[in-house]
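Please read the structure below before turning to the comments.
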């Protein structure tokens, strides 16, 4: 393994620890707002892990996943967070 691959492996390990701690927090909390924020953290962490993995393992859909994640990760969580904060009122 090259030094770059070692650095990416360490980065993926740190992101995986963040993902696991977020999942534990989702299971332990009862607040809906906290669950919504942590679900965004889990989503972004999974996307980051995938995109970091694609730096050394080329895939044919890496770019498309990044675009879809940007679209779904930028617009949809903002709308859902607004609905959760306002308790469904418009």
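Residue numbers (full-length UniProt numbering): 1 to 90.
Where a beta carbon is used, it is the ideal one built from N, C-alpha and C, also for glycine.
In the three-state scheme derived from DSSP, where H, G and I count as helix and E and B as strand, residue 60 is classed as coil.
Exclusion of the five residues before and after residue 44 leaves 73 as the residues of its chain whose Cβ lies within less than 7 Å of its Cβ. For the pair residue 41 and residue 22, the CB atoms are nearer than the 8 Å cut-off.
The beta carbon of residue 27 sits closer than 7 Å to none of the beta carbons in its chain outside the five residues before and after it. By a beta-carbon distance limit of 8 Å, residue 81 contacts residue 36. Their separation comes to about 6 Å. For residue 19, the closest C-alpha among the options 6, 29, 47 and 7 is that of 47.
Residue environment analysis places residue 7 among the exposed positions, since fewer than 16 neighbouring C-beta atoms fall within 10 angstroms of its C-beta.
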